[in-house]
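Chains as they are written, first to last, in numbering that gives the first Met the number 0: chain A, 0 to 88; chain B, 0 to 451.
These notes are about the structure you will find just below.
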Amino acid sequence: MKGIITVVGKDKVGIIAKVCTLLSERNVNILDISQTIVQEYFNMMMIVELNDEDKELNNLIDELDDLGEEIGVEIKLQHESIFNSMHRI
Amino acid sequence: MITNFEVLETNKMIRDSNLDIRTITMGISLMDCMDSDIDKLNENIYNKITSKAKDLVEVGEQISKKYGIPVVNKRISVTPIAIVAAGTKADSYVSIAKTLDRAAKDVGVNFIGGFSALVQKGCTPSDEILIKSIPEALDVTERVCASINLGSSKSGINMDTVKDIGEIIKLTAERTKDRESIGCAKLVVFCNAPDDNPFMAGAFHGVGEKDTVINVGVSGPGVVKEGLEAARDEDFETLCETIKKIAFKITRVGQMVAKEAADNLGVDFGIIDLSLAPTPAIGDSIAEIFEEMGLEYAGAPGTTAALAILNDCVKKGGVMASSYVGGLSGAFIPVSEDHGMIRAVEEGALTIEKLEAMTCVCSVGLDMIAIPGNTPASTISGIIADEMAIGMINNKTTAVRIIPVVGKDVGDMVEFGGLLGYSPIMEVNPFSCEDFINRGGRIPAPIHSFKN
C-alpha cells in the first residue's frame, strides 16, 4: 500500500533530511516527493511505499509524529485511500 | 497519482474546517433476545450488544489513525425496545434502559438509541409501558436515547400519544431538573422516522434491517462554509455547484470509512447518512453557512430558501458518492448545538415559528430547543402536532426534541454541556391549544394527490 506523508511548518534547515533518514532506517521507499514554501511556511508531500500491515503503518505514524514534535513541524502519515476516495471517481 | 494540491485540500478540510466522521453507528437487532422473563431478556440484550460491539470503538479509533481523520462518535442503535420487551408482561422497562446503559458503558460508546416505540397508528400495551417508563429511564441512565414515531404519511398521526408525550416531556424535565432538564435532550419524537438513522437521539434499528449493520454519519458544515467563501458574490448556479462538489467529496470519505469499518467488524455496510450536523465549535455551524450565503443572521427573510438550497445540494452531491444513502440525509438545524443559531436567537432573528418553517425544507425538525419550564404540556403537544403534520403532508421525516427547562424563563440561558451545547430559552406562543389536543383519537392518513 501507499502512504502520504505531509510536513507543514516553519521552514528550517534539515527537515527533509531528518524525515528521509527515519524512512530509510525503517526501510521505507520514497516514490515521489514535492515541496513548496509559501510565506516561509514549508509544505512537503511524499508518497511512500509501505507493506500491507496496519501495524507497521501505525508505528510509523507514531514515529513521524514524535519526529515532528522534536523538530517543531507537523508531520502526518495517512493511508492514500482517503485522498483517492475524495479526489478520484 | 495524487497531487500536492489535493492532499493539501483534504488535510485543510480536516484541520481547519472540522471535517470529520461524525458517527459510526452499529445497528443491532435484539429480536433474538426476546424472552418472557424480563431478567433473562436483560441478560440476552447485554450479551448480544457486548459481543457484537466489543470491537466497535477500537475499529473506529484505528480508522481514525490510519486515514488521519477524526471519528468523533461510536454509537449503537437497537431494535425498538417496545417490540423486544412485549412478551415480558413487565409493568416497567426501566431495567432494560439500565441494561442498555451498562452495555454502552462497557463497550465504550457514548450513546445507545432504541428505547423506542413505533406508534404512528396506535399503541400496544407494551408501547404504553415503554412511554410511561421514559421519564425514569432517562433520569437514571446516562447514555440511553429514547424516540417515538408518532405519525407517518401512510398512517396519519396518533394524537392520543401526541397528547401523552406532552406530559411525558414535562415529567422528564421535572425528573432531571437538577441537570437543566437534560433528560429531554435524549428524547425525540418523529413523523416518518427512518429505520437506519445513525444520529442520536433518534437512532433505532428498524424491524426490516439485517441482524447487524454499520451506518455512518458524515459531517462538515465548516467545509461547506469555507468552500462558499470562495464563491462569494457569485450567482445561485455557482452557489449550488460549489455545495454539490463539497458534499460529493465529504461523502466519498464517509463511504470509504463505512466500508472499512464494516469489513473490519465483519458486518454488513448499511448506509451513509450525509447530513450536515453542526457542533457548538466555531466554524462547525449551519447558521454560519447562511451568513456566508448572504443572510445577516439565521432566521432573516430568505433563510428557508437558503436552507432548501443547502439541503437539496447536499443530497444531489452526496448521492452519487455513496452506493447506499439513507438515514436523515440533509442539513440539521439544532439550536443549542450551533453557536450561529444561538447568536441568531439572542439577536431576536430566529423564533420557533421561523424554525418551524425551516423544517419544511430541511432533513429533520425542531431540534434542541429550550423553552420555559412552565410551558403547558398541551402547548408542547401542539408544537409536536404541527411538526408531525408537516412531515405527514410533505412525505418527509420531521422530529421534535424540545426541552422545557424547569425553573428557567425567556431571557435565561441553559448549559447542557458537551456536544449538546447551550441555548437561550426561546419564547413560545402563549395562546392555548388545550381543547384541540384534548380531542384525542388520530388524524387520518392524508391524500397524496391534488398537490397544492
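Glycine included, every Cβ here is placed at the ideal spot set by N, Cα and C.
Worksheet item: Is the Cβ of I1 (chain B) closer than 8 Å to any Cβ of chain A?
Response: As a first step, residue 1 (chain B) must be located in the second sequence, where it is residue number 2. I1 (chain B) counts as touching chain A.
Worksheet item: Mind listing which residues of the region 59-89 of chain B have their C-beta closer than 8 Å to chain A's C-betas, in chain order?
Response: Q61, K64, K65, Y66, G67, I68
Fill in: Status (buried if at least 16 other CB within 10 Å, exposed otherwise) for E287 (chain B)
The sequence position of residue 287 (chain B) within the second sequence is 288, counting from 1. By the 10 Å Cβ count, E287 (chain B) comes out buried.
Fill in: Residue from B:G26, B:K395, B:L18 with nearest C-alpha to D210 (chain B)
Translated into positions along the second sequence, residue 210 (chain B) becomes position 211. D210 (chain B) has its Cα closest to that of B:G26, out of B:G26, B:K395, B:L18.
Worksheet entry | Distance between R231 (chain B) and Y452 (chain B) (C-alpha atoms, nearest Å) | Residue 452 (chain B) lies beyond the range of chain B shown here (0 to 451); nothing can be said about it.
Worksheet item: Who are the Cβ neighbours of I392 (chain B) in its own chain at under 6 Å, not counting the five residues just before and after it?
Response: In the second sequence, counting from the first residue as 1, residue 392 (chain B) sits at position 393. These residues qualify, in order along the chain: P445.
Worksheet entry | Residues sharing a beta bridge with G190 (chain B), DSSP | In the second sequence, counting from the first residue as 1, residue 190 (chain B) sits at position 191. Inspection of the sequence shows that residue 190 (chain B) is occupied by Cys rather than by Gly. Per DSSP, B:G150, B:T397.
Practice prompt. Output the residue ranges of the beta strand (DSSP E) runs that lie fully inside the region 32-105 of chain B and measure 3 residues or longer, sorted by chain position.
Written response: 70-77
Worksheet item: At which residue ranges does the region 234-268 of chain B contain complete alpha helix (DSSP H) runs of 4 or more residues, listed in the order of the chain?
Response: 235-264
Worksheet item: How many whole angstroms separate the CB atoms of A330 (chain B) and Y296 (chain B), which I take to be in contact at a CB cut-off of 8 Å?
Response: Within the second sequence, residue 330 (chain B) is the residue found at index 331, counting from 1. Within the second sequence, residue 296 (chain B) is the residue found at index 297, counting from 1. At roughly 17 Å, the Cβ-Cβ gap does not stay under 8 Å, so A330 (chain B) and Y296 (chain B) are not in contact.
Practice prompt. Verify the CB distance criterion: does T5 (chain A) have a CB-CB separation below 8 Å to chain E?
Written response: Of the protein chains in this structure, namely A and B, none is chain E.
Discussion item. Across the region 417-427 of chain B and the region 368-384 of chain B, are there enough close Cβ pairs to call them in contact, namely three or more that are closer than 8 Å?
Written reply: yes
Discussion item. Less than 8 Å between the beta carbons of V139 (chain B) and K88 (chain B), yes or no?
Written reply: Here residue 139 (chain B) corresponds to residue number 140 of the second sequence, with the count starting at 1. Here residue 88 (chain B) corresponds to residue number 89 of the second sequence, with the count starting at 1. No, these two residues do not count as a Cβ contact at 8 Å.
Worksheet item: So what does DSSP say about V344 (chain B), is it helix, strand or coil?
Response: Here residue 344 (chain B) is taken as the residue at index 345 of the second sequence, counted from 1. Of the three classes helix, strand and coil, the one that applies to V344 (chain B) here is helix, per DSSP.
Discussion item. Which same chain residues end up closer than 8 Å to L21 (chain A) when comparing Cβ atoms and leaving out the 5 residues on each side of it in sequence?
Written reply: For the purposes of this step, residue 21 (chain A) is taken as the residue at position 22 of the first sequence. The residues are E62, L63, L66.
Worksheet item: Apart from the five residues on each side of it in sequence, which residues of its chain come closer than 6 Å, Cβ to Cβ, to A192 (chain B)?
Response: One-based indexing of the second sequence puts residue 192 (chain B) at position 193. Hits under 6 Å: N148.
Worksheet item: Roughly how many angstroms lie between the CA atoms of K162 (chain B) and M340 (chain B), to the nearest whole one?
Response: As a working mapping, residue 162 (chain B) is identified with position 163 in the second sequence. As a working mapping, residue 340 (chain B) is identified with position 341 in the second sequence. Between K162 (chain B) and M340 (chain B), the C-alpha separation is close to 29 Å.
Worksheet item: So which residues on chain B does F82 (chain A) lean against when the C-beta distance must stay under 8 Å?
Response: Numbered from 1 along the first sequence, position 83 holds the residue referred to as residue 82 (chain A). Correct list: I1, E5, V6, T9.
Practice prompt. Determine the chain B residues that contact E79 (chain A) at a beta-carbon separation under 8 Å, and present them in chain order.
Written response: What you label residue 79 (chain A) is simply residue 80 of the first sequence in a count that begins at 1. Residues of chain B passing the Cβ test: I1.
Item to complete: Check the DSSP bridge columns for K9 (chain A) and list the partner residues they point to.
Response: The residue labelled residue 9 (chain A) in the question sits at position 10 within the first sequence. BP columns for K9 (chain A) point to A:Y40.
Worksheet entry | Proximity of E179 (chain B) and E414 (chain B) at Cβ, strictly below 8 Å | Within the second sequence, residue 179 (chain B) is the residue found at index 180, counting from 1. Within the second sequence, residue 414 (chain B) is the residue found at index 415, counting from 1. The answer is yes: Cβ separation under 8 Å.
Discussion item. Can you give me the C-alpha to C-alpha distance between E24 (chain A) and V47 (chain A), rounded to a whole angstrom?
Written reply: If you number the first sequence from 1, residue 24 (chain A) lands on position 25. If you number the first sequence from 1, residue 47 (chain A) lands on position 48. Approximately 14 Å between the Cα atoms of the pair.
Fill in: Local conformation of R231 (chain B) per DSSP, three classes
Locating residue 231 (chain B) in the second sequence gives position 232, counting from the first residue. Coil.
Worksheet item: DSSP puts I402 (chain B) in a beta bridge; with which residues?
Response: If you number the second sequence from 1, residue 402 (chain B) lands on position 403. DSSP output for I402 (chain B) lists B:A369 as bridge partner(s).
Discussion item. With three or more C-beta pairs closer than 8 Å as the rule, is the region 403-419 of chain B touching the region 350-362 of chain B?
Written reply: no
Fill in: Residue closest to Y66 (chain B), alpha-carbon to alpha-carbon, out of A:I70, A:I60, A:E69, A:E68
Here residue 66 (chain B) refers to the residue found at position 67 of the second sequence. Ranking A:I70, A:I60, A:E69, A:E68 by Cα distance to Y66 (chain B) puts A:I60 first.
Worksheet item: What residues are listed by DSSP as bridge partners for Y421 (chain B)?
Response: Position 422 of the second sequence, counted from the first residue, corresponds to residue 421 (chain B). Note: Y421 (chain B) sits in a beta bridge opposite B:E414.
Worksheet item: If you measure beta-carbon to beta-carbon, which residues of the region 119-142 of chain B are closer than 8 Å to chain A?
Response: none
Worksheet item: Going along chain A, which residues have a C-beta under 7 Å from R342 (chain B)?
Response: Here the question's residue 342 (chain B) lines up with position 343 in the second sequence. Under the 7 Å cutoff, chain A gives no residues; its nearest Cβ is about 31 Å from R342 (chain B).
Fill in: First through last residue of the beta strand (DSSP E) which encompasses N57 (chain A)
As a position in the first sequence, residue 57 (chain A) is number 58, starting the count at 1. No beta strand (DSSP E) holds N57 (chain A); the alpha helix (DSSP H) holding it covers 53-70.
Item to complete: Please determine, among A:K54, A:E69, A:I15, the residue with the shortest C-alpha to C-alpha distance to M0 (chain A).
Response: Indexing the first sequence from 1 puts residue 0 (chain A) at position 1. Of A:K54, A:E69, A:I15, the residue nearest in Cα terms is A:K54.
Item to complete: Could you work out which residues of chain A lie near K248 (chain B), taking near to mean beta carbons separated by less than 7 Å?
Response: Position 249 of the second sequence, counting from 1, holds the residue named residue 248 (chain B). Going along chain A in sequence order, the residues near K248 (chain B) (Cβ under 7 Å) are M85.
Discussion item. If we define contact as Cβ-Cβ less than 8 Å, is V187 (chain B) a contact residue for chain A?
Written reply: If you number the second sequence from 1, residue 187 (chain B) lands on position 188. No, its Cβ sits nowhere closer than 8 Å to a Cβ of chain A.
Worksheet item: Just how far apart, CA to CA, sit A200 (chain B) and L30 (chain A)?
Response: Along the second sequence, one-based indexing puts residue 200 (chain B) at 201. Along the first sequence, one-based indexing puts residue 30 (chain A) at 31. Those two C-alpha atoms are separated by around 46 Å.
Practice prompt. Counting only the same chain and skipping the five closest in sequence on each side, list residues whose C-beta sits under 6 Å from that of P333 (chain B).
Written response: The residue labelled residue 333 (chain B) in the question sits at position 334 within the second sequence. Result list for P333 (chain B): D366, M367, in chain order.
Worksheet item: When the Cα atoms are used, what is the spatial distance from P279 (chain B) to D36 (chain B)?
Response: For the purposes of this step, residue 279 (chain B) is identified with residue 280 of the second sequence, where counting begins at 1. For the purposes of this step, residue 36 (chain B) is identified with residue 37 of the second sequence, where counting begins at 1. C-alpha separation (whole angstroms): 43 Å.
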